[in-house]
Amino acid sequence: MNLTPMKRVTIVTESLLVDRLQDDILRLGASGFTTTLAEGRGSRGVRASEWEGRNVKIETLVTPTVATRLLEHLAESYFENYAVIAYAHDVEVVRGEKYR
Amino acid sequence: MNLTPMKRVTIVTESLLVDRLQDDILRLGASGFTTTLAEGRGSRGVRASEWEGRNVKIETLVTPTVATRLLEHLAESYFENYAVIAYAHDVEVVRGEKYR
Amino acid sequence: MNLTPMKRVTIVTESLLVDRLQDDILRLGASGFTTTLAEGRGSRGVRASEWEGRNVKIETLVTPTVATRLLEHLAESYFENYAVIAYAHDVEVVRGEKYR
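This is the structure we're talking about:
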């Protein structure tokens, strides 16, 4: 069984950012992404007013190097002015070499 | 890169519980949550009849302490009478200190 | 707190495969699954043309043995002819013994 250790990065944010973020993800080295609609609410930490509408959850499978690059880019470019949640965790991917 | 180790707790359940669970999550110490619509089916373990309609998946990023508190609460309050799946795993969160 | 270590397997694929894959998942030993609608895009690695429409994300909680069996089945049966992404990671499940 050919399983490749990779990172799954999950980003939850305002839907108005979805096109920009998807472009960022591909530009920074991911080979694709999956986007789902979501509703969110934050009692503190994220600004509740910006979470009332439709949000999106974007997920991508990337190498650890691309994960770090992507998370740093998100923190630098979006965290100050937008409600963005971003996190990563280890996954084992079937034939993951094609995402590298 | 400021990454904070946290737990992501995922709850999949009947849509009729969504408001109660979201209130529980905030009351027990989470700073927010993300909810998506889902369809589910269980061949055993969960009662299939209750999974025919719309289900919801609620995800929240919390500290390990809040994760344990939340999972215990779910087991005590809902598992006997409702179809609830709940699980947790480790994640690395960008600027995670704001969710604490 | 009764937490059982299990695997969460995530499959992202074309919506036309959803019924077949859900049947496969149950037949290979899972007790259920959760399905959400998703949009995806691949710049390389997955064939972009097949990702333009609606995709689905199917998630299931299984034992490590069932996870390996399921991932091997996906690789052998679908990877050559369909756009399928499949990966697994460890989770801690509340009362997970009922999914075994």
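Residue numbers (the numbering used here), protein chains in the order written: chain A, 196 to 295; chain B, 196 to 295; chain C, 196 to 295. Just so you know, even glycine gets a beta-carbon here, dropped at the ideal spot from N, CA and C. Nothing here was measured: the structure is a model prediction, and the numbers come from that model.
Pop quiz: residue i and residue j are said to be a contact at Cβ under 8 Å. What is the actual Cβ separation, rounded to whole angstroms?
| i | j | result |
| --- | --- | --- |
| T208(C) | L221(C) | The pair is not a contact, with the Cβ atoms about 16 Å apart (cut-off 8 Å). |
| A281(B) | L269(B) | 5 Å |
| M196(B) | E267(A) | 6 Å |
| V251(C) | V213(C) | 5 Å |
| P200(C) | E287(C) | 6 Å |
From the DSSP output, read off the bridge partner residues of residue i.
| i | result |
| --- | --- |
| V288(C) | Y282(B), T199(C) |
| E231(A) | The displayed chain sequence assigns Thr, not Glu, to residue 231(A). DSSP output for T231(A) lists K252(A) as bridge partner(s). |
| I206(C) | I253(C), A281(C) |
| R295(C) | Paired residues: none, contrary to the question. |
| R236(A) | F228(B) |
Does the distance from the CB of residue i to the CB of residue j come in under 9 Å?
| i | j | result |
| --- | --- | --- |
| T255(A) | L232(C) | no |
| R249(B) | G224(B) | no |
| T260(B) | Y294(B) | no |
| D219(B) | S272(B) | yes |
| E234(B) | T229(C) | yes |
| V203(A) | G227(B) | In the sequence on display, residue 203(A) carries Arg and not Val. No. Outside cutoff. |
Determine the extent of the alpha helix (DSSP H) in which residue i is found, giving its start and end residues.
| i | result |
| --- | --- |
| T260(C) | 259-272 |
| L221(C) | 213-222 |
Report the neighbours of residue i on chain B: residues whose CB is nearer than 9 Å to its CB, in chain order.
| i | result |
| --- | --- |
| R285(C) | A small fix is needed here, since residue 285(C) is Asp in this sequence, not Arg. Those within 9 Å of D285(C) in chain B are H284, D285. |
Starting from residue i, find everything on chain C with Cβ-Cβ shorter than 9 Å and list it in chain order.
| i | result |
| --- | --- |
| L266(B) | M196, L198, E287, V289 |
| K252(B) | T229, T231, E254 |
Since residue i meets chain C, which of its residues come closer than 7 Å, beta carbon to beta carbon?
| i | result |
| --- | --- |
| A281(B) | V289 |
| L269(B) | V289 |
Residues of chain A with a CB under 9 Å from the CB of residue i: which are they?
| i | result |
| --- | --- |
| T230(B) | A233, E234, G235, R236 |
Chain B partners of residue i, CB-CB under 8 Å?
| i | result |
| --- | --- |
| V207(A) | T229 |
| N276(A) | Those do not exist, as N276(A) stays about 14 Å from chain B at its closest Cβ, beyond 8 Å. |
Give me the chain C residues within the contact set of residue i, using Cβ-Cβ distance strictly less than 8 Å, ordered along the chain.
| i | result |
| --- | --- |
| T263(B) | M196 |
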